[in-house]
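**Student:** First to last, the protein sequences are chains A and B. Count the first sequence with the numbering used here and you get residues 24 to 510, in order. Count the second sequence with the numbering used here and you get residues 24 to 510, in order. A virtual CB, placed ideally from N, CA and C, is assigned to each residue, including glycine.
2 protein chains.
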Amino acid sequence: MSDLNPILSGSAQSIAAYQEAIEQSTQAVVQWLKQPEMYQGKTVAELRERINLEFTSQGLGNQAAIERAVEYFLKDSLLVHHPQCVAHLHCPSLVISQAAEVLINATNQSMDSWDQSPSATIIEMKLIAWLREQVGYPAGDAGVFTSGGTQSNLMGLMLARDAFFAKRGHSVQQHGLTGALSKIKVLCSENAHFSVQKNMALMGLGYQAVTLVKTDEFSRMDISDLQQKLADAKANGEQVMAIVATAGTTDAGAIDPLGEIAALAAEQQIWVHVDAAWGGALLLSEKYRHFLDGLELADSVTLDFHKQFFQTISCGAFLLKDARHYQLMRYQAAYLNSDFDEEQGVPNLVSKSLQTTRRFDALKLWMGLEALGKKQYAEIIDNGVTLAQQVAQFVSEQPQLELVMQPQLASVLFRFRPQNGDLAGVALLNQRIGDALLASGSANVGVTEADGVTCLKLTLLNPTVSLADVKVLLASVVACGEQLHNA
Amino acid sequence: MSDLNPILSGSAQSIAAYQEAIEQSTQAVVQWLKQPEMYQGKTVAELRERINLEFTSQGLGNQAAIERAVEYFLKDSLLVHHPQCVAHLHCPSLVISQAAEVLINATNQSMDSWDQSPSATIIEMKLIAWLREQVGYPAGDAGVFTSGGTQSNLMGLMLARDAFFAKRGHSVQQHGLTGALSKIKVLCSENAHFSVQKNMALMGLGYQAVTLVKTDEFSRMDISDLQQKLADAKANGEQVMAIVATAGTTDAGAIDPLGEIAALAAEQQIWVHVDAAWGGALLLSEKYRHFLDGLELADSVTLDFHKQFFQTISCGAFLLKDARHYQLMRYQAAYLNSDFDEEQGVPNLVSKSLQTTRRFDALKLWMGLEALGKKQYAEIIDNGVTLAQQVAQFVSEQPQLELVMQPQLASVLFRFRPQNGDLAGVALLNQRIGDALLASGSANVGVTEADGVTCLKLTLLNPTVSLADVKVLLASVVACGEQLHNA
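(1) In whole angstroms, what is the alpha-carbon distance linking Ala189/B and Leu180/B?
(2) Does the Cβ-Cβ distance between Val408/B and Val476/B come in under 7 Å?
(3) How about Ala268/A and Ile246/A: are their beta carbons less than 7 Å apart?
(4) How is the beta strand (DSSP E) around Cys503/A delimited, first residue to last?
(5) Which residue comes first and which comes last in the alpha helix (DSSP H) that contains Trp389/A?
(6) Closer than 8 Å is the cut-off here; do at least three beta carbon pairs connect the segment 94–113 of chain B with the segment 130–141 of chain A?
(7) Is the separation between the beta-carbon of Ser170/A and that of Ser48/A shorter than 7 Å?
(8) Could you tell me the distance, in whole angstroms, from the CA atom of Thr335/B to the CA atom of Gln378/B?
(9) Suppose you measure from the CA of Leu432/A to the CA of Gly302/A; what does that come to, to the nearest Å?
(10) With a threshold of 7 Å between beta carbons, is Asp164/B in contact with chain A?
(11) Assuming Thr79/A contacts Gly391/B (C-beta within less than 8 Å), just tell me the rounded distance between them.
(12) I want to verify the contact list: residues of chain B whose CB lies under 7 Å from the CB of Tyr230/A, in sequence order.
(13) Could you check what DSSP says for Asp298/B in three-state terms: helix, strand or coil?
(14) Compare the C-alpha of Gln413/A against each of Pro430/A, Ile403/A, Met134/A, Gln399/A and name the closest.
(15) I'd like to know whether the C-beta of Trp153/A is nearer than 7 Å to at least one C-beta of chain B.
(16) Going by DSSP, what residues sit across from Gln262/A in a beta bridge?
(17) Just how far apart, CA to CA, sit Leu97/A and Val53/A?
(18) Does any residue of chain B bring its CB to less than 7 Å from the CB of Asn259/A?
(19) Cβ closer than 7 Å: which chain B residues qualify as neighbours of Arg71/A?
(20) Does DSSP put Lys480/A in a helix, in a strand, or in coil?
(21) If we define contact as Cβ-Cβ less than 7 Å, is Ile38/B a contact residue for chain A?
(22) Which residues in the same chain as Glu425/B place their Cβ atom closer than 7 Å to its Cβ, once the five residues preceding and following it in sequence are excluded?
(23) Report, in whole angstroms, the separation of the C-beta atoms of Gly82/A and Gln292/B, which I expect to be a contact under 8 Å.
(24) Across which residues does DSSP place Met428/B in a beta bridge pair?
(25) So, is Asp298/A buried or exposed, given that buried needs 16 or more other C-beta atoms within 10 angstroms?
(26) Could you check which residue in Leu228/A, Thr201/A, Ala256/A, Lys237/A has the C-alpha nearest to that of Ala232/B?
(27) Expressed to the nearest angstrom, what Euclidean distance is found between the alpha-carbon atoms of Ala123/B and Ala401/B?
(28) Quick one: which chain A residues come within Cβ less than 7 Å of His329/B?
(29) Buried or exposed: where does His313/B fall if 16 or more other Cβ atoms within 10 Å of its Cβ makes it buried?
(30) Kindly list the residues whose CB is nearer than 7 Å to the CB of Ser32/B, restricted to its own chain and excluding five residues on each side of it in sequence; keep chain order.
(31) Taking only beta-carbon atoms, is His111/B less than 7 Å away from chain A?
(32) Of all the options Leu343/B, Gln86/B, Gly339/B, Ser308/B, which has the alpha carbon lying nearest to the alpha carbon of Asp164/B?
(33) When the Cα atoms are used, what is the spatial distance from Val495/A to Gln174/A?
(34) Candidates Ala459/A, Ile278/A, Phe328/A: which alpha carbon is nearest Tyr311/A's?
(35) At 8 Å on the CB atoms, spell out the chain A contacts of Trp137/B, in chain order.
(36) Ser323/A lies in the beta strand (DSSP E); which residues open and close that run?
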C-alpha cells in the first residue's frame, strides 16, 4: 500500500483506494450480519456449479472484485455469530478482534525477525510472559504464538520427544531418532484430540506410539487406567516419553485430572503436555478457574484464543515451562538471527516457532484484554459454561431428547430419541437431523460420537446466546426428528 | 459480532460498534501510512521499557484499546511498503488483500470442515485446481492452503518420507520409522531454506539426514555435484528419500535447474519437492515464466503468496502432483469428517492439511487475481526482477560498492567496500551499516552471508520502488559506510 504507484493502472493501491476498499467491504459485512438465516442452504453440488474461476487479463479493479467476493463467498458463508450456529469449537469474534485485524494486516509485520516487527515482537513476548503468569509458570517468556492447537500440540510433543532422547545423551535434532522406536510411547486419553496421532505420525513415531488411556463416565482420563497403562508399559519394556492431558476435549469438554496426572508423571520424570486449546479459556474465569488446577505442573501447554477467547482465526499459543528446553529446537540462519544480533540482545522469535513468516496474532489477544478487561472477559467465558448446565437440565426434562453426558465446559451432548422408535435407526436419524437443519439454513448442530453413541452436540461458546435461543433450536431438532422419523 | 448482547456492557459488540472500530482503525492506518520515516528507530531496550501490560478489571472499551494499540504498536511498526524497506522477503500488500481480510475476519470461516466454511471450501478447492494448471500438473484439486513456506515444505517432506516407506511396504503413519534411519537422506543445495533441516529434525530424521549439494557461482544447485552425491549415497548404502530443489533461494533468489534435477531423480524414482515459496511468483510472469520450466515434473511444490504475490501474512499453498499420496496422511475424526459425510461427497480439507482450524487465506489470492487480472499481476511481479538487474548494473559501476552476485529474482547482494580499508573489517562494517540504517529509521537493508562473505541485501519486491529510490538508498549506504569507516 502506497500512494505512489507507477505500475498499477489508476490508483488502485493508493491510500484513498485503501479507504474505499475497506469501506466497501465493511458495508458488505454489515449487510451480511443482518441476514436472518444462519446459512443460505446451498448444497455442495450447487456451490460447485455456481463458483467458477475465470480470471481476466486486465482485471476488474478493486470494487468489482469485492462485489464478486460478496456474491460468491460472503453470501454463502456460515453466520458463525448466529445463535443457532453451535456445531463446532468455532467462535463468533469480538469487535475488537476485527479492529486488531485491520492493524495486523495493514502493517503486515512478520514475527520471524525483530527488524520485521519491532514493537510487535516486544508485545508478543510480554503477552507470553503474562500468559505464563496466568498459568502459574515461573517468570519468563518461553513460549510463542502459533497458528492453532494442532501446531502447539506438535511443539509440545516434539520437545517432549527431544528432551526424552537428550536425557539419554542423544540429539534428535542432529542425529534423528534411534533405538527401538516401537518401544517409545505417548499416553493420552481416548478422547484426546486427533492431532496427537497425526503429530506422532508426522514426528516419525506413528499411531502405534499412542497408547490410549480409558476415560470415565465424563470422558476424563481414568487415573487408575493411567496407572495400569504405565505399569503395562514398564512390564513390556516400553518407555513413555510423554503424557498428553486434555483440558477440554472437543466433544464433551472434559478436563483430565491434571494434578493427579502430573504427580504420576513426576514419579517417572515423564513430560506432561496439556492440550488446553479449549479449556484454557478458564484461565480468565472467575467461577471455574479451579477446573485448571494442576496446569502449572505441566511441562508445556497449548492455548487457543480462536476458541473461547473469541478471537478470529488464527490465534494460538504454546507455553514452555522450562526455557532451557528451547535449546532443543534452536536453529540459526544468517539472514534472520546472526551471531552478531544475538550478542546484541536482539530478540529472536523464529527459534521458538515452527513457522518462519508468521502473523502478529498476539495483538488480538492484547487488544481484547485491553478492551474488555479481565472481568468482562471472565463473564463471556463463564457464560457458556453456565448456559451448558442450564441446557443440560432442560434437555433431560424433554421426553424426546436424551442427555448423553453432563456438560463440563460449554458443550451439551444429547440425541433425539423417538419414543416409539427402534434404537437401531437412532444413530442415522440423528445424523440426518444435523444435515437437514444445515440444509435448511436454520441451524448448524454438531454430529459426533460419544462412547460409540452417535449424538448431537451444541457448542455454546457464543455469549450472546440465551437459554431461550437454545430452546428454539431444540424445538427445531425435535420437529425435524419427528418429521424424518415419521416420513 | 451480533447486535444482541446481554453480557457485554453497552453495545461494544453491536454492528454499529463494528463499524466504528473499523473506521477508527482504518483512520489510524491512514495516518500511519503517511508517516515519512520507515521506522521510528526505537531500540529493543526502549521498546521493552515502554511497553507494559497491565490489564484492568473493567476494560477500556474498544475506542481506548485501539488508541493504545496505535500508540504502542502501530507507531513503532516497520513501514513494509516504504521504498527503503528492502531487507527481507516481506512484501507490501495489495489493497485488495486488505479488503479480503475484512471479509475473512468478519466471517471467520474455518476450513477444517465444510459446514464451517461452505463457499470458502469450494473456492479454495477451485483455486488449488487453478494453481495446478499454472504449474502444469494434471487436473485435480490435490493441495491445500498453508500458513506459509515452512509448513508447505514440511508437507512435501513428510509425504516424500511416507511414500518412500510405503514403497517398501511400511506405513510410517501407523508404525513409525523403522530400519537404518541414518542411511536415509534428503538432498538439497547449500542454499536451500533452513526449514529443510528444521523439518527433518521435526520428522525424526535429524540434520544428519540432510546432504548438502554444492552450488554454482549463482547459488544454484550444481548438477555434477548432485550426480556425485547420488553416487556417493549409493556407494555408502544410503537411500535418498527426496531431493528438495529451490526455486528462489532466500538471499540470491537462485533457481535450481529443475528439469535436470527431475531427470536425475526419475532414474531412481526419488521424490522431488520444489520449494518455490519465492520463485513461484513467476508462474504469473510474462517475461520470466520459463525460469520455472521443469516445475511440473516435481512431486510436490511449495508456493507462498505472502511474498511476491503481495498478499498479507498468512497465505501459502502446497500442491501434490499425485492425489493418491494424500492417503498417506488421511485421518478421520467423527466430528469433522464422518463416514456418512464422506459417502455423501462432502469435501474434507482437514485431511489434506497439517492444521485443523485454518483461515480462509485463499480468498486473498482469489480477489487479487480478480482485481488485478493476470496481466497486471505479471507486471508487478516482473517489475522486481527487472529492477534488480538495473540495480546490479548500477552497483557494479560504483567504486565503493561491490556486487557480490548477479541477481536472478528480485534481490541484489552487494557490500560496501572502502577503497583504503583492510578487508578484515569489511564484514563487521557492513553489519554495522545495516544496524545503523535501521536505528536511524531511514532504511531496512538485509545483512546476510553469501559464500561466507558478509554482505548487504536488497529484496526489491515492492513494485512502487523505482531505480531512483534505490539510488537514494545506496547513497545512504555509502555515506553511512564512510562515516563508520572513518570514525
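**Tutor:** The structure says:
(1) Between the alpha carbons of Ala189/B and Leu180/B lies a distance of about 14 Å.
(2) Taking 7 Å as the Cβ cut-off, Val408/B and Val476/B do not qualify as a contacting pair.
(3) Result no, Cβ atoms of Ala268/A and Ile246/A do not sit closer than 7 Å.
(4) Careful: Cys503/A lies outside any beta strand (DSSP E), inside the alpha helix (DSSP H) at 490–509.
(5) Where Trp389/A is concerned, the enclosing alpha helix (DSSP H) stretches over 385–419.
(6) Yes, they touch.
(7) Taking 7 Å as the Cβ cut-off, Ser170/A and Ser48/A do not qualify as a contacting pair.
(8) The alpha-carbon atoms of Thr335/B and Gln378/B are separated by roughly 19 Å.
(9) Cα to Cα, the separation comes out at about 7 Å.
(10) No, because no Cβ of chain A sits closer than 7 Å to the Cβ of Asp164/B.
(11) Contact doesn't hold; Cβ gap of about 13 Å is too wide.
(12) Against Tyr230/A, the close residues of chain B are Gln196, Gln197, in the order they occur along the chain (beta-carbon pairs closer than 7 Å).
(13) Asp298/B sits in a strand when the DSSP states are folded into three classes.
(14) Looking only at Pro430/A, Ile403/A, Met134/A, Gln399/A, the smallest Cα-Cα distance to Gln413/A is reached by Pro430/A.
(15) For Trp153/A, the answer is yes, since a Cβ of chain B falls inside 7 Å of its Cβ.
(16) According to DSSP, which records beta bridges pairwise, Gln262/A is partnered with Ile207/A.
(17) In this model, Leu97/A and Val53/A are separated by some 11 Å (Cα to Cα).
(18) Taking Cβ atoms only, chain B never reaches closer than 7 Å to Asn259/A, which makes this a no.
(19) Here the neighbours are Ile145.
(20) Assigned with DSSP and collapsed to three states, Lys480/A falls in strand.
(21) Proximity of Ile38/B to chain A, defined by a Cβ-Cβ separation below 7 Å, is satisfied.
(22) Counting only Cβ-Cβ distances below 7 Å, and skipping sequence neighbours, we find Phe437, Arg438, Arg440.
(23) Contact flag wrong, Cβ pair sits at about 42 Å.
(24) DSSP lists Leu436/B as partners of Met428/B.
(25) Around the beta-carbon of Asp298/A, 16 or more other beta-carbon atoms lie within 10 Å, marking it buried.
(26) Distances from the CA of Ala232/B to each of Leu228/A, Thr201/A, Ala256/A, Lys237/A were compared; the closest alpha carbon is that of Thr201/A.
(27) Their backbone Cα atoms lie some 20 Å apart in a straight line.
(28) Identification of chain A residues near His329/B by a Cβ-Cβ cut-off of 7 Å yields Thr380, ordered along the chain.
(29) Exposed, since its Cβ has fewer than 16 Cβ neighbours within 10 Å.
(30) Confidence in Ser32/B is poor, its pLDDT being 46 and thus under 50, which makes the residue's placement unreliable; the coordinate value appears in the next sentence. Within the same chain, Ser32/B has no close Cβ partners at all.
(31) It does: the Cβ of His111/B has a partner Cβ on chain A nearer than 7 Å.
(32) Closest option to Asp164/B, Cα to Cα, is Leu343/B.
(33) When rounded, the distance between both Cα atoms is 37 Å.
(34) Relative to the Cα of Tyr311/A, the nearest Cα in the group Ala459/A, Ile278/A, Phe328/A belongs to Ile278/A.
(35) Simply Val67.
(36) Ser323/A: member of the beta strand (DSSP E) spanning 323–327, first to last residue.
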